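First to last, the sequence lines map onto chains A and R. Mapped onto the numbering used here, the consecutive letters of the first sequence carry residue numbers 6 to 115. Mapped onto the numbering used here, the consecutive letters of the second sequence carry residue numbers 746 to 859. Structure record follows, encoded as C-alpha cells.
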Amino acid sequence: QKEVEQNSGPLSVPEGAIASLNCTYSDRGSQSFFWYRQYSGKSPELIMSIYSNGDKEDGRFTAQLNKASQYVSLLIRDSQPSDSATYLCAVKANTDKLIFGTGTRLQVFP
Amino acid sequence: DAMVIQNPRYQVTQFGKPVTLSCSQTLNHNVMYWYQQKSSQAPKLLFHYYDKDFNNEADTPDNFQSRRPNTSFCFLDIRSPGLGDAAMYLCATRGGGMSYNEQFFGPGTRLTVL
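Shown next as C-alpha cells:
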C-alpha cells in the first residue's frame with residue numbers, strides 16, 4: 006500500500022466549475038498536510054497547508070482534512086485554465102520528511 | 746524577497762563526468778533538502794540537513810553526495826552520472842516562524858546526461 010495515494014487523473018473540469026482533488030494516507034501519526042501545485046517543467050509551489058480536522062479556506066482554494074478517515078482534499082472554486090497543473094498531496098508525520106503522492110493532473114478547459 | 750535559488754537551471758553533462766548542483770537560500774531556514782524528480786513521478790528525497798546534521802535516505806545511491814558549508818548554501822555532487830540520473834533536481838528549505846512545517850522549493854535544475 007502506497008503511503009500517500011492520489012488519483013493520477015487527468016481530472017477535466019470546465020472553466021468556472023469546482024475541481025475536487027482527493028488524497029488518502031496510511032500513517033495515522035501524520036500531523037501536517039500540504040497541497041503543492043506543479044506546472045509542467047516547473048518546481049512544486051506550496052498553495053495550502055492544513056493541520057487540524059475541518060476546512061481551511063484561502064481565496065478560491067479550500068483544503069479539507071479528516072484524520073479519522075485519513076483523507077485530505079483540495080477544492081478549487083471557479084476553476085480557471087491557469088489552474089491546469091499537477092497537484093501534489095504531501096503528508097508529514099513526526100519527522101523532518103514529507104511523503105508525496107504522485108499527483109493528480111488537473112485540466113481546466115474553456 | 747527571501748527565496749531559494751538553484752544554479753544552474755539547466756545542466757548538461759556527459760556520462761560519467763562529475764557534476765555539482767548548487768542551492769542557496771535567503772530564508773535563514775535550518776533544514777535543507779535535495780529531491781530528485783523524474784517525469785510524472787513524485788519528488789524523491791535524496792537527503793536532508795538539519796543544521797549541520799546530514800541525513801541520508803537508505804535508498805540514495807552512493808553516487809550522490811552533498812555538502813552544506815554554511816546555513817545558506819547546499820550542494821549536490823553526482824560523482825559519475827549515469828543516463829538514469831537525468832532528472833529535475835529540487836532543493837527545498839524548511840524552518841522558522843509560523844511556517845515552520847512548510848517546505849519551500851527552489852526552481853530546480855534540469856540535468857541532462859549525454
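Every residue gets a Cβ at the ideal spot worked out from N, C-alpha and C, and that includes glycine. Values in this document were obtained by computation on a predicted structure and should not be read as measured data.
Boundaries of the beta strand (DSSP E) in which residue i is found, first to last residue
i	result
R/Glu802	Note, R/Glu802: premise wrong, no beta strand (DSSP E); not H, not E.
A/Arg82	Premise fails: A/Arg82 is in no beta strand (DSSP E) and is neither H nor E.
R/Glu752	Looking at the sequence provided, one finds Asn at residue 752 of chain R rather than Glu. Element bounds for R/Asn752: Val749 to Asn752.
R/Leu856	Thr854 to Val858
R/Phe793	Note on identity: in this sequence residue 793 of chain R is His, with Phe being the wrong assignment. Here the beta strand (DSSP E) through R/His793 covers Lys789 to Tyr795.
A/Gly1	Because chain A spans 6 through 115 in this model, residue 1 of chain A falls outside it and cannot be assessed.
Spatially closest choice to residue i from the options, by CA coordinates
i	options	result
A/Ala90	A/Arg33, A/Val9, A/Gly46 and A/Cys28	A/Gly46
R/Asp807	R/Asp830, R/Pro788 and R/Pro814	R/Asp830
R/Gln751	R/Thr857, R/Asn801, R/Trp779 and R/Asn846	R/Trp779
A/Arg110	R/Leu835, R/Thr857, R/Gln786 and R/Ile823	R/Gln786
A/Ser84	A/Ala95, A/Ser17, A/Ser13 and A/Ala98	A/Ser17
A/Ser54	A/Arg65, A/Ser48 and A/Ser37	A/Ser37
Assigned exposure category for residue i - 16 Cβ within 10 Å defines buried
i	result
R/Leu828	exposed
A/Pro115	exposed
R/Val757	exposed
A/Ile104	buried
R/Gln848	buried
R/Leu859	exposed
A/Ala73	exposed
A/Gly34	exposed
R/Tyr845	exposed
R/Arg839	buried
Taking a cut of 7 Å between CB atoms, which residues from the region 9-35 of chain A lie near chain R?
Answer in chain order: no residues at all.
Is the region 83-97 of chain A touching the region 809-819 of chain R in the sense that three or more CB pairs, one from each, lie closer than 8 Å?
Too few Cβ pairs lie closer than 8 Å, so no.
Taking a cut of 7 Å between CB atoms, which residues from the region 773-795 of chain R lie near chain A?
If you check each beta-carbon in the region 773-795 of chain R against every beta-carbon of chain A, the ones closer than 7 Å belong to Val776, Gln786, Ala787, Pro788, Leu790, His793 and Tyr795.
Do three or more CB pairs link the region 18-29 of chain A to the region 66-81 of chain A at distances below 8 Å?
As far as the Cβ criterion goes, the region 18-29 of chain A touches the region 66-81 of chain A, which means the pair count is three or higher.
Touching or not, the region 793-813 of chain R and the region 58-65 of chain A, by the rule of three or more beta carbon pairs under 8 Å?
Short answer: they don't touch.
Three or more beta-carbon pairs under 8 Å between the region 767-775 of chain R and the region 36-54 of chain A, yes or no?
With a cut-off of 8 Å, the region 36-54 of chain A and the region 767-775 of chain R do not count as touching, because too few Cβ pairs lie within range.
Using a Cβ-Cβ cut-off of less than 9 Å, give me the residues of the region 101-113 of chain A that come near chain R, in sequence order.
Considering only beta carbons, the part of the region 101-113 of chain A lying closer than 9 Å to chain R consists of Asp101, Lys102, Leu103, Ile104, Phe105, Gly106, Thr107, Gly108 and Arg110, in chain order.
Can you give me, in chain order, the residues of the region 827-856 of chain R that have a beta carbon less than 7 Å from any beta carbon in chain A?
Identification of residues in the region 827-856 of chain R having a C-beta nearer than 7 Å to some C-beta of chain A yields Leu835, Asn846, Glu847, Gln848, Phe849, Phe850, Gly851, Pro852 and Gly853, given in sequence order.
Any C-beta of chain R within less than 9 Å: which residues of the region 81-103 of chain A qualify?
So the list reads Thr91, Leu93, Ala95, Lys97, Asp101, Lys102 and Leu103, given in the order they occur along the chain.
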